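S.K.: All the letters of the sequence shown, read from the start, carry residue numbers -18 to -1, 1 to 192 under mature numbering (1 follows the signal peptide of the UniProt record, and there is no 0).
Ideal placement from N, C-alpha and C gives every residue a C-beta, glycine not left out.
Quick caveat: nothing in here was measured; it's all calculated off a predicted structure.
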Amino acid sequence: MMERLLLVLPALLACVSGALIPEPEVQIKVMEKPFICRRKTKNGDMLLVHFEGFLESNGTRFHSTYADNNNQPVWFTLGIREAIKGWDKGLKDMCAGEKRKLIVPPALAYGKEGKGKIPPESTLVFDIHLIEIRNGPRSHESFQEMDLNDDWKLSKEEVKAYLKVEFEKHGSSVNETHHEVLVESIFEKEDEDSDGFISAREFTYVHDEL
Ligand SMILES: *[C@@H]1O[C@H](CO)[C@@H](O)[C@H](O)[C@H]1NC(C)=O
Ligand SMILES: *[C@@H]1O[C@H](CO)[C@@H](O)[C@H](O)[C@H]1NC(C)=O
Ligand SMILES: [Ca+2]
Ligand SMILES: [Ca+2]
């Protein structure tokens, strides 16, 4: 009986304190919104962003993609804790071309430890310009794009055709042998029931790497 109680106690406490202590929030200010918004960001999307990050305490800039990254924006996948929690919370429902200012409390940034130029318990301010949104590799849209004959499963030919286009998009030359090997290794991992196709379920299922 006591053991059981000990097991549920933490859950109960979490409920109670959750009700009393408000979750830390990201403050979002929309600075600029484009006229046309074809789609808004959602978890799993890949976002190309320019950004500058400042310490709220004294305004020191700790990073800028303009100044510190040769003016190159960076890719970031939304909703998978790739950067700080504050970004996952603060960059949803955003349009390409939109500019936002995020004010991120330490609990959603680098917390008690801090990181590099960022001291412990720092509130951070980000100016973020979203340049482009792309479907993440596991999105529904990516699957439909790859499934050329709409039978809700991906054949090796379909995966190969997709890789070819992706490689060409990024300016890499296409090496047939290399692609065969790549496709085989993808199927080894993703085709769980080994029927020679990647089903929609097998595709969407997120493996440990995320
Ligand atoms: C701002 O604060 C950081 C961290 O405490 C410190 O390293 C930096 O020297 C400060 N800059 C100015 C201009 O006061
Ligand atoms: C293609 O890739 C394979 C293995 O990755 C490599 O051995 C071969 O030399 C490559 N061929 C060309 C033409 O680049
Ligand atoms: Ca298919
Ligand atoms: Ca399968």
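Less than 8 Å between the CB atoms is what I'm expecting for Ser137 and Phe185, so what's the real figure, rounded?
M.R.: Actually they do not touch by this definition, with Cβ atoms about 12 Å apart.
S.K.: CA-CA distance, Asp109 and Asn51?
M.R.: Spanning the two alpha carbons is a distance of roughly 15 Å.
S.K.: Can you tell me the Cα-Cα spacing of Lys71 and Val8, whole angstroms?
M.R.: Going by the C-alpha atoms only, they are around 7 Å apart.
S.K.: Considering only residues of the same chain and omitting the five flanking positions on each side of Leu(-13), which have a CB-CB separation below 8 Å?
M.R.: The predicted model places Leu(-13) with a pLDDT of 44, which falls under 50 and marks its position as unreliable; any figure quoted below should be read in that light. Within the same chain, Leu(-13) has no close Cβ partners at all.
S.K.: Any heavy atom of ligand 1 closer than 7 Å to the CB of Ser39?
M.R.: Yes; taking the cut-off as 7 Å, the Cβ of Ser39 has a heavy atom of ligand 1 nearer than that.
S.K.: On the DSSP bridge assignment, give the partners of residue 194 in chain order.
M.R.: Because residue 194 is not part of the residues shown, which for the chain are -18 to 192, the question remains open.
S.K.: Indicate, with yes or no, if ligand 1 has a heavy atom lying under 7 Å from the CB of Thr105.
M.R.: No, the beta carbon of Thr105 sits no closer than 7 Å to any heavy atom of ligand 1.
S.K.: Are there 16 or more other CB atoms within 10 angstroms of the CB of Thr23, so buried, or fewer, so exposed?
M.R.: Its Cβ being crowded by 16 or more others within 10 Å, Thr23 is buried.
S.K.: What is the residue span of the beta strand (DSSP E) that His152 lies within?
M.R.: Here His152 belongs to no beta strand (DSSP E), and DSSP marks it neither H nor E.
S.K.: Taking the alpha-carbon positions, what's the Leu130 to Ala182 distance?
M.R.: If you take the alpha carbons of Leu130 and Ala182, they lie about 13 Å apart.
S.K.: On the DSSP letters alone, give me the boundaries of the beta strand (DSSP E) that Trp134 sits inside.
M.R.: Looking at the DSSP string, Trp134 is not in any beta strand (DSSP E), and its letter there is neither H nor E.
S.K.: Would you call Ala91 buried or exposed, if buried means 16 or more other Cβ atoms sit within 10 Å of its Cβ?
M.R.: When all chains shown are included, Ala91 counts as buried.
S.K.: Check whether the region 100 to 120 and the region 39 to 56 are in contact - that is, three or more C-beta pairs closer than 8 Å.
M.R.: A contact exists between the region 100 to 120 and the region 39 to 56.
S.K.: Got a sec: does ligand 6 put a non-hydrogen atom nearer than 7 Å to the Cβ of Ile180?
M.R.: Within the structure as shown, ligand 6 is missing, the only ligands being ligand 1, ligand 2, ligand 3 and ligand 4.
S.K.: If you measure between the beta carbons of Val31 and Glu80, is that distance less than 8 Å?
M.R.: Cβ distance not < 8 Å, so Val31 and Glu80 don't count as in contact.
S.K.: Helix, strand or coil, according to DSSP, for Met128 in the structure here?
M.R.: Of the three classes helix, strand and coil, the one that applies to Met128 here is helix, per DSSP.
S.K.: Can you name the start and end residues of the alpha helix (DSSP H) that Glu166 belongs to?
M.R.: Element bounds for Glu166: Glu158 to Glu172.
S.K.: Ligand 1 heavy atoms versus the CB of Thr186: any closer than 7 Å?
M.R.: Checking the Cβ of Thr186 against ligand 1 gives no.
S.K.: When every heavy atom of ligand 1 is checked, does at least one fall within less than 7 Å of the C-beta of Pro101?
M.R.: At least one heavy atom of ligand 1 is nearer than 7 Å to the Cβ of Pro101, so yes.
S.K.: Run through the DSSP bridge pairs and tell me what Trp57 is partnered with.
M.R.: Partner(s): Leu30.
S.K.: Would you mind stating whether Lys142 and Val165 have Cβ atoms separated by less than 8 Å?
M.R.: In this structure, Val165 lies closer than 8 Å to Lys142 by Cβ.
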